[in-house]
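Enquirer: Under the numbering used here, the sequence shown is numbered contiguously, ending at residue 207.
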Amino acid sequence: MKADYELLKLYAMKTIYYLFILYLVSMITTTGYATNKDQKMLIVYYSWSEGKNTETLAKYIQEQTGADLFRIEAVKPYPLDYNACVKAAKEDIEAGKKPAIKQHVSNIDQYDIIFVGTPNWWSTMAPPVLTFLSDCDLSGKTIIPFNTHGGGGAAHCFTDMEKVQPEAKFLKGLAVRGHKPQADIEASIRSGNSVDKWLKELGIITK
Ligand SMILES: Cc1cc2nc3c(=O)[nH]c(=O)nc-3n(C[C@H](O)[C@H](O)[C@H](O)COP(=O)(O)O)c2cc1C
1 MKADYELLKL YAMKTIYYLF ILYLVSMITT TGYATNKDQK MLIVYYSWSE GKNTETLAKY
61 IQEQTGADLF RIEAVKPYPL DYNACVKAAK EDIEAGKKPA IKQHVSNIDQ YDIIFVGTPN
121 WWSTMAPPVL TFLSDCDLSG KTIIPFNTHG GGGAAHCFTD MEKVQPEAKF LKGLAVRGHK
181 PQADIEASIR SGNSVDKWLK ELGIITK
């Protein structure tokens, strides 16, 4: 009788032990988001081209992180024609212009981590992103920059962002090569693991 009881106790303990291990494994495999759930995240981005490169990257980051998403839009959009846009952008960048944007994030104070995404325009951020960063105080917040480009990489996009928000803590940015049709950048983001790897390295996602 005593032996039966001891055996039962052993089985019960074993079951509890296995259930505990199962719980730990499920915690590790199902938690994709940031380890610290208290950190509220936002993704702010500007995207101009038909390829929607920066937007596609921003939306992928949102999918992986569960962060809120905010699209910057210029009150007076840049011309749809590529050459005209390149010319207008050059003039604005050289003049340090901050074109008016349609909306701001009304409740930016609630966010701890802010991803800021831009296309590489003449080696720097697109002017509407400069407007956004110049118009709010992100002191003490963590900024994670990202960009898409036509071969020039990050150039000085991220370092120029740092100059506008010197009191923010900047983490390592990511530069992704843009493509013309949206499907191409989407496929390349999904087939490669550079975005996931970057988010993991930063401790934003755990799987
Ligand atoms: C006005 C303008 C300037 C650009 N300047 C650069 C540049 O200096 N270096 C570069 O690699 N790509 C440059 N590009 C290419 C864009 O960075 C690239 O196509 C980007 O992925 C577009 O992002 P979007 O689809 O979100 O607008 C430029 C594009 C435009 C429209």
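Yeah, the Cβ is synthetic: ideal placement off N, Cα and C, and Gly gets one too. Computed from a predicted model, the values in this text were never measured in an experiment.
1. Quick check on the DSSP output: the beta strand (DSSP E) that includes LEU42 runs from which residue to which?
2. Report yes if the C-beta distance between LYS113 and LEU42 is below 9 Å; otherwise report no.
3. Under 7 Å Cβ to Cβ from TRP122, same chain only, skipping five residues before and after it: list those, please.
4. Span of the alpha helix (DSSP H) holding ASN120?
5. Tell me the start and end of each unbroken beta strand (DSSP E) in the region 132-200 that is at least 3 residues and wholly inside, in chain order.
6. Keeping to the same chain, check which residues put their C-beta closer than 6 Å to that of VAL176; ignore five residues upstream and five downstream.
7. Between GLU201 and ligand 1, is the CB less than 8 Å from at least one heavy atom?
8. Suppose contacts are defined by Cβ-Cβ distances below 9 Å. Is ILE144 in contact with LYS98 by that definition?
9. Please check the pair ALA183 and PRO128, which I expect to be a contact at CB under 8 Å, by giving their CB distance rounded to whole angstroms.
10. Which runs of the alpha helix (DSSP H) at least 4 residues long sit entirely within the region 82-115? Give them in chain order.
11. Taking the Cβ atom as the reference point for each residue, do GLY117 and THR65 lie within a distance shorter than 9 Å?
12. When we look at the beta-carbon of GLY51 and count the other beta-carbons within 10 Å, is it buried (16 or more) or exposed?
13. Figure out for me which residue from TYR60, SER47, VAL44 and LYS40 has the closest Cα to the Cα of ILE189.
Expert: Once the coordinates are examined:
1. 41-45
2. Reading the sequence as shown, one finds Ile at residue 113 and not Lys. Closer than 9 Å, so yes.
3. Hits under 7 Å: ALA89, LYS90 and ILE93.
4. No alpha helix (DSSP H) contains ASN120, which DSSP labels as neither H nor E.
5. Taken in chain order, the complete beta strand (DSSP E) segments of 3 or more residues contained in the region 132-200 are 142-149 and 174-177.
6. Excluding residues within five positions, the ones whose Cβ falls inside 6 Å are LEU57 and THR148.
7. Outside the cutoff, so no.
8. no
9. Contact doesn't hold; Cβ gap of about 25 Å is too wide.
10. Runs of the alpha helix (DSSP H) spanning 4 or more residues and lying entirely within the region 82-115 occur at 82-94, in chain order.
11. no
12. buried
13. For ILE189, the nearest C-alpha among the options comes from TYR60.
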